[in-house]
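Peer 1: Let me begin by handing over the structure; questions about it come next.
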Amino acid sequence: MRKILSGIFILGSFLLLFPSCYNDNEYDLYPFPGTKCDSTNVTYSQTIAPIMTANCNVCHSSAIASGGVVTETYNGMLVIANNGRLWLDVSWASSGDPMPKGGSKLSDCDLGKIKKWINLGSPNN
Numbered sequence: 005m006r007k008i009l010s011g012i013f014i015l016g017s018f019l020l021l022f023p024s025c026y027n028d029n030e031y032d033l034y035p036f037p038g039t040k041c042d043s044t045n046v047t048y049s050q051t052i053a054p055i056m057t058a059n060c061n062v063c064h065s066s067a068i069a070s071g072g073v074v075t076e077t078y079n080g081m082l083v084i085a086n087n088g089r090l091w092l093d094v095s096w097a098s099s100g101d102p103m104p105k106g107g108s109k110l111s112d113c114d115l116g117k118i119k120k121w122i123n124l125g126s127p128n129n
């Protein structure tokens with residue numbers, strides 16, 4: 005009986021630990037053609053500006069500038085990229101103001117592109 009209980013304990017322990025090693029996510033497991041996140045050539049004009057147009061410019065245009073932030077121009081983006089506010093807000097960091105306000109968090113792909121652009125020095129390209 006002791007060997008049976010010991011075997012059950014070992015098997016149970018293994019089964020509990022095994023799922024914790026699983027590190028795949030749905031995107032890696034089931035990529036659909038044309039949906040892979042390409043962050044090899046991140047530029048302001050072709051990557052960052054379209055993300056801002058789709059998610060931010062409604063509230064942060066030159067005409068509205070909610071919170072004093074303008075995301076529709078390179079100069080406006082440079083200010084918030086350099087002071088750290090862009091990343092704090094779009095990544096929903098605890099010390100930031102989650103953006104887009106009242107919307108869903110940006111996709112991991114878009115966040116990765118923004119982070120890469122910031123890390124490259126926020127070039128105007």
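First residue of the sequence shown? That's 5 in the working numbering, and the numbers climb one at a time after it. Built from N, CA and C at the ideal position, the CB exists for glycine as well. Small disclaimer: the values here were computed from a predicted structure and weren't measured.
#1: How many whole angstroms separate the CB atoms of alanine 85 and isoleucine 122, which I take to be in contact at a CB cut-off of 8 Å?
#2: Once the 5 residues before and after leucine 110 are set aside, which same chain residues still bring their CB inside 6 Å of it?
#3: What residue range is occupied by the uninterrupted alpha helix (DSSP H) comprising threonine 57?
#4: Can you tell me where the alpha helix (DSSP H) with methionine 81 in it begins and where it stops?
#5: Residue range of the alpha helix (DSSP H) that proline 91 falls in?
#6: Less than 8 Å separating the Cβ of valine 74 from some heavy atom of the ligand MG?
Peer 2: According to the structure data:
#1: 5 Å
#2: Val94
#3: 53-59
#4: 78-86
#5: Residue 91 is actually tryptophan in this sequence, not proline. Note, tryptophan 91: alpha helix (DSSP H), 89-94.
#6: Inclusion of the ligand MG in the displayed structure is not the case, the ligand content being empty and no account of it being possible.
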